[in-house]
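S.K.: Residues 2 to 230 in my numbering are what the sequence shown lists, from first letter to last. Just so you know, even glycine gets a beta-carbon here, dropped at the ideal spot from N, CA and C.
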Amino acid sequence: MYYGMTNTIGTSRHLPQDYDQLKIVHSMGDILSSEFNNIVSIFILPRNLTDDFNGLATKMASVINLPERMHLEYSYTDTYNIFKELWPYLSSSEQDALNIIIQDFTSLINADPRLLIEGKSWKAETQHWHYDGIYGKEYPRWICGYNVRGTQFLKTNDAIFFDFQAQAGEEGGGIITMENHEIFQTSPGDFLNYLWVSSESKTDMFFIHRRDPDILSTGQTRISMLTRG
2 MYYGMTNTIG
12 TSRHLPQDYD
22 QLKIVHSMGD
32 ILSSEFNNIV
42 SIFILPRNLT
52 DDFNGLATKM
62 ASVINLPERM
72 HLEYSYTDTY
82 NIFKELWPYL
92 SSSEQDALNI
102 IIQDFTSLIN
112 ADPRLLIEGK
122 SWKAETQHWH
132 YDGIYGKEYP
142 RWICGYNVRG
152 TQFLKTNDAI
162 FFDFQAQAGE
172 EGGGIITMEN
182 HEIFQTSPGD
192 FLNYLWVSSE
202 SKTDMFFIHR
212 RDPDILSTGQ
222 TRISMLTRG
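1) For T204, which residues of its own chain have a beta-carbon under 6 angstroms away from its beta-carbon, when the five flanking residues on both sides are left out?
2) Measure how close the beta-carbons of R211 and H129 come, nearest whole angstrom, since I'm counting them as under 8 angstroms.
3) Below 8 angstroms, is the gap between the Cβ of D159 and the nearest heavy atom of the ligand GTP?
4) I'd like the span of the beta strand (DSSP E) that includes F54, first residue to last.
5) Using a beta-carbon distance below 9 angstroms, is P68 in contact with chain B?
6) On the premise that D53 lies in contact with E119, defined as a C-beta separation below 8 angstroms, what is that separation, rounded to the nearest angstrom?
7) If you reduce the DSSP assignment to three classes, tell me which class Y81 lands in.
8) In three-state terms, what does DSSP make of G173?
9) Tell me the rounded alpha-carbon separation between Q22 and S42.
10) How about R70 and D191: are their beta carbons less than 9 angstroms apart?
11) Where does G30 fall in DSSP's three states?
12) To which residues of the same chain is K85 closer than 7 angstroms at the C-beta, ignoring the five residues directly before and after it?
13) In the structure shown, what three-state DSSP assignment does E183 receive?
14) Give the DSSP-derived three-state secondary structure of E95 in the structure shown.
15) At which residues does the beta strand (DSSP E) containing I224 begin and terminate?
16) Quick check: the Cα distance between I25 and L46, rounded to an integer number of angstroms?
17) May I ask you to verify whether the region 56–76 touches the region 26–40, counting CB pairs closer than 8 angstroms and requiring at least 3?
18) May I have the straight-line CA-CA distance separating G151 from L99, to the nearest angstrom?
19) Considering only C-alpha positions, which residue in the set V198, Y90 and R142 is nearest to N111?
20) Considering only C-alpha positions, which residue in the set H182, F208 and I184 is nearest to N194?
21) What are the boundary residues of the beta strand (DSSP E) that E74 is part of?
22) Would you please state the rounded distance, in angstroms, between the beta carbons of D159 and T178? I believe it to be under 8 angstroms.
Following this line, the structure appears as structure tokens:
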């Protein structure tokens, strides 16, 4: 396998340019070294990934005999064996796509990364507005959807919080959106790093987000990377 770096940095798309809580960065090094403060709790690295992640996802699903949904953890030997088994059957573009995933896995090794493969008909529970946190300690959470419609999010001042015990899968998620709120969205391949907030007193630091409600319309097996949460 090839482990060299690939130039995948893109430009911001569908992202707010005047939102203090969000900082857009321009290199993998920048987002890996990003630090949250009392204002910034979201970092996004826009990337323009042009390799064949759809083809890779389809072949990976076949090799692992995908049920509706599966996580592959980087620390598992089985994951490496799956990649090794896949490699000879991949096109050049699919191999490049897998190399990007391996690079990302390696970059996030200390954050407990896992690859999420979802079947064409799997409907995620997190298609309602929600935020992550409230219990436990604060830590960064990373998400990248390689061939997935990007994460949608709101500015915190476009939401009212009424139930801090609501779960992400519940309709409403403990949030009422303001009238005429604006929806922003990352693009496939963008790297997102946000703060898992541990206190109800920090609502201005919440990352209010959801899956794209139209995610099933692509008709594709989907592949994403995310860390603990």
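M.R.: Here's the rundown:
1) F162
2) 6 angstroms
3) As presented, the structure is devoid of all ligands, the ligand GTP included, so that no description of it is given.
4) From DSSP, F54 is part of no beta strand (DSSP E) but of the alpha helix (DSSP H) over F54 to V64.
5) No chain B is present in this structure, which holds just one protein chain.
6) Not a contact, Cβ separation roughly 18 angstroms.
7) helix
8) Here the model assigns G173 a pLDDT of 48, short of 50, so the residue's position is not dependable and the matter cannot be decided.
9) Between Q22 and S42, the C-alpha separation is close to 6 angstroms.
10) No; because the gap between Cβ atoms is not below 9 angstroms, this pair is not in contact.
11) Looking at G30 - three-state DSSP - the assignment turns out to be helix.
12) Answer for K85: no residue qualifies.
13) coil
14) helix
15) R223 to L227
16) 6 angstroms
17) no
18) 19 angstroms
19) Measuring from the Cα of N111, the nearest candidate turns out to be R142.
20) F208
21) R70 to E74 is the span of the beta strand (DSSP E), which, as asked, contains E74.
22) 6 angstroms
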